[in-house]
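Residue numbers (the numbering used here): 638 to 836.
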């Protein structure tokens, strides 16, 4: 509901909303219009898309491209990620519709795909950028920390591997319940440390 989204539940007359819409429509190229003046529903034209939709488009286009072009597309998509999706009390509907979890999955999988491509090409800087973008939205993701550990191992930075693992441990310690990194993450740490010692 646009009244809740913009005015956060404040008591606003619907006429006020439609007056504001009339003011901003020219600035949006007329791409927003009320469906009916009997409620607070508005219609957006098809050319108006969300950052999440743009990211999905980049991901789909990347699947059909060479690895070099795919990396550029995924990087462009992940540059849209500024933080956790649907972050705020006004986005309860996104949780109800499971859009929040879908967005997290899309961002995480996009970041992991870019990490793999970047590592294959030896571009550690881009791989780190991909991990950082993913962690901006899901800062407790074991999979992303595993990717970060793999990146640092591939870059010959054993201290970075342990730093990534220890950062996750500290973040989990802040949660109630005494969580630990997933057993796969613990196993990866042992594996990477073992490889380093045997090298």
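From the three backbone atoms N, C-alpha and C, an ideal C-beta is built for every residue, glycine too.
Using the Cα positions of residue i and residue j, report the straight-line distance between them to the nearest angstrom.
i	j	result
residue 673	residue 748	With a pLDDT of only 48 at residue 673, under 50, the local geometry of the prediction cannot be trusted, and no value is derived from it.
residue 686	residue 832	46 angstroms
residue 780	residue 718	18 angstroms
residue 737	residue 713	21 angstroms
residue 720	residue 773	5 angstroms
residue 795	residue 751	22 angstroms
residue 730	residue 699	30 angstroms
residue 817	residue 660	52 angstroms
residue 804	residue 765	15 angstroms
Under 8 angstroms between the Cβ atoms of residue i and residue j?
i	j	result
residue 754	residue 708	yes
residue 808	residue 776	yes
residue 689	residue 734	no
residue 767	residue 829	no
residue 629	residue 710	The displayed coordinates of the chain run from 638 to 836. Any statement about residue 629 would go beyond what the structure contains.
residue 704	residue 745	no
residue 599	residue 784	Because the chain in this structure spans residues 638 to 836, residue 599 falls outside the shown range and cannot be described.
residue 788	residue 825	no
Drop a sphere of 10 angstroms on the beta-carbon of residue i, count the other beta-carbons inside from all chains shown, and report buried for 16 or more, exposed for fewer.
i	result
residue 758	exposed
residue 802	buried
residue 827	exposed
residue 653	exposed
residue 771	buried
residue 691	exposed
residue 812	exposed
residue 726	exposed
residue 782	buried
Confirm the yes/no value for this check: CB of residue i, any heavy atom of the ligand ATP, distance under 7 angstroms.
i	result
residue 796	In the structure shown, the ligand ATP is absent, as is every other ligand, since no ligand is present at all.
Run through the stretch 769-798 for me and flag every whole alpha helix (DSSP H) of 4 or more residues, listed as ranges in chain order. List check, alpha helix (DSSP H) in window: 779-791.
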